[in-house]
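Below you'll find the structure, written out as structure tokens, and then a few comments.
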Ligand SMILES: Cc1cc2nc3c(=O)[nH]c(=O)nc-3n(C[C@H](O)[C@H](O)[C@H](O)COP(=O)(O)OP(=O)(O)OC[C@H]3O[C@@H](n4cnc5c(N)ncnc54)[C@H](O)[C@@H]3O)c2cc1C
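In my numbering, the protein residues as written are 2 to 446.
Okay, here's the thing in structure tokens:
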């Protein structure tokens, strides 16, 4: 759907994360022979790596991951590192109307379990990924949005039993931040922030230690059936397996498996980071926490102060993906960052990068096995909220593939099965353009 620059797996994103953790990458070992394994996994991000780790460690099943670029080349190695709940574009009211109270509660509890799993994996596998921040702040970008945040606080407490705190603009300036788009905030107890590439490489290291094989630079070019086996063809080898997990999220390209085509709407998310802020700069534009934050815009800004006091600021946008459109996006993000935090208007931006997240027509994530071929499993559509959801989905897929659970026992009903198909791919940029316009207008009201 986008310019080939977005899919260029020859190099890693020029991100702050690569600059600070790229040296931790293990040498890549592309698939260079005809191999066989129990479970083949397509995609080496959190979903695929978590599935491989859990298959190997918890179920003694040999898994091999085939990744088109270097391991964690996709969104998992380049996201904002906000580990929070959500992963849906349905409002709470829409979720309740569409799925009912019990399923909504089960989905939300699962989202919290995803955050706990991330912490647990870091502790159990010795993954040092700079975990920081307690909870998540949702910041009102207009005074009128405090009404919504008050309602949300009440719903979180009564429906899900989650601790929250509401802050006026003055109160939040003392514990969070000030700036031109801060009119109060809602804190909710679940959430933290991490270095996404260190986390991904930590998962990869753990998966390898427990016996999984990870093949970077091994794009699956062709997929055929031979009897009961799947044969995945790469440029220099092939992999045969009885079961396959598709873990490609926003980087799925139609044509790989007919049943999965037209299910995933990839959307570009963009990030800038500054150099480390000085004491004087933090004093001029006080920022008091390392907790992850997003604001109440539909086209939201997500941001956080990193442990070394660099600042990360991100937003979705652009329907082309060309380098020129990327340059325009960078300029726009810089301009908006300086508008929102005016005291930092002269701070240099050191990195800009972008990547793909995945939306679905049902506006919730999807996981399960194909109806017409139960030996093929999938997990995708985290709506830009995969740091907690993707590792959990990988763990759940591993349990399902191992036959420990049935889908209805382990997957929240809300995300079980394939989402409805999207309109033809030529229409999707127009669909997105229209959505961005409509959401931008709503943000101004
Ligand atoms: C800029 C940005 C910021 C984000 N910020 C946040 C955030 O702060 N918090 C949050 O929760 N989420 C965030 N996300 C979303 C989050 O990163 C994703 O939801 C999550 O990483 C998805 O993990 P995954 O393993 O399913 O997919 P990915 O990490 O995208 O991995 C999929 C992989 O599949 C590979 N692949 C595709 N086709 C093939 C093929 N044919 N053969 C072999 N390999 C293939 C790709 O190369 C890719 O590496 C952000 C995403 C982006 C892009």
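Just so it is clear, CB atoms sit at the ideal spot from N, CA and C, and this is done for glycine as well. Since the structure is predicted, the reported quantities are computational estimates derived from the model, not experimental observations.
Between residue i and the rest of its own chain, which residues show a CB-CB distance below 7 Å, the 5 nearest in sequence each way excluded?
i	result
residue 412	368, 369 and 397
residue 208	50, 53, 54, 57 and 215
residue 308	131, 133 and 291
residue 41	65, 67, 231, 233, 240, 242 and 245
residue 91	99, 364 and 365
On the three-state DSSP scale, how would you describe residue i?
i	result
residue 359	strand
residue 163	coil
residue 379	strand
residue 282	helix
residue 265	coil
residue 67	strand
residue 132	coil
residue 1	An answer regarding residue 1 cannot be provided, because it is not within the stretch 2 to 446 covered by the chain.
residue 271	strand
residue 247	strand
residue 141	coil
residue 338	helix
residue 125	helix
residue 178	strand
residue 316	strand
residue 77	helix
residue 88	coil
residue 119	helix
residue 59	helix
residue 98	helix
residue 234	strand
residue 9	coil
residue 195	coil
residue 219	coil
residue 227	strand
residue 33	coil
residue 299	coil
residue 40	strand
residue 239	strand
residue 187	strand
residue 367	strand
Using a Cβ-Cβ cutoff of less than 6 Å, which residues in the same chain neighbour residue i once the five nearest sequence positions on both sides are dropped?
i	result
residue 17	274 and 352
residue 422	263
residue 326	319
residue 182	142 and 341
Short of 8 Å in beta carbon distance, which residues of its chain neighbour residue i, apart from the five on each side in sequence? Order them along the chain.
i	result
residue 218	10, 29, 31, 68, 69, 70 and 71
residue 311	17, 274, 275, 276, 277, 278 and 351
residue 105	93, 96, 97, 160 and 415
residue 283	310
residue 256	262
residue 192	83, 84, 85, 86, 116, 134, 135, 136, 137, 292 and 293
residue 289	175, 176, 177 and 178
residue 129	123, 199 and 203
Write down the C-beta distance between residue i and residue j rounded to the nearest angstrom, noting that I regard them as a contact closer than 8 Å.
i	j	result
residue 84	residue 296	With 8 Å as the limit, residue 84 and residue 296 do not qualify as a contact, their Cβ atoms being about 18 Å apart.
residue 184	residue 170	5 Å
residue 243	residue 230	6 Å
residue 82	residue 341	At roughly 19 Å, the Cβ-Cβ gap does not stay under 8 Å, so residue 82 and residue 341 are not in contact.
residue 62	residue 35	Actually they are not in contact, since the Cβ atoms of residue 62 and residue 35 sit about 20 Å apart, beyond 8 Å.
residue 232	residue 377	Wrong, their Cβ atoms sit about 13 Å apart, outside the cutoff.
residue 197	residue 13	Rounded, the Cβ-Cβ distance is 12 Å, inconsistent with contact.
Stretch pair the stretch 268–279 + the stretch 230–246: three plus CB contacts closer than 8 Å: No: the two stretches stay apart, fewer than three of their Cβ pairs being nearer than 8 Å.
Inter-stretch contact (C-beta, 8 Å, three-pair minimum) for the stretch 106–123 and the stretch 386–405: Yes, they touch.
Inter-stretch contact (C-beta, 8 Å, three-pair minimum) for the stretch 74–81 and the stretch 356–363: Touching, yes.
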